[in-house]
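Below is one structure, written out as structure tokens; the observations come after it.
Numbering (full-length UniProt numbering), first residue to last: 1 to 58.
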């Protein structure tokens, strides 16, 4: 589970990237933006789970 600050930052980053994707009509930026948005909303980081390591102290 991630800290609240990290989750808020990831949601904001995802929303900003979605805005950039909409502005430039770029589908690949939208795909990249979905990752931090979902991770921020759910609090589940697939990289931490599957690689069994995380940069965050638990």
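Glycine is no exception: its CB is placed at the ideal position from the N, C-alpha and C atoms.
- For residue 7, the closest alpha carbon among the candidates 33, 50, 49 and 44 is that of 44.
- With a cutoff of 8 Å on beta-carbon distance, residue 11 and residue 41 are scored as near each other.
- For the pair residue 29 and residue 17, the CB atoms are nearer than the 8 Å cut-off.
- Annotation: the continuous alpha helix (DSSP H) that includes residue 40 extends over 27-42.
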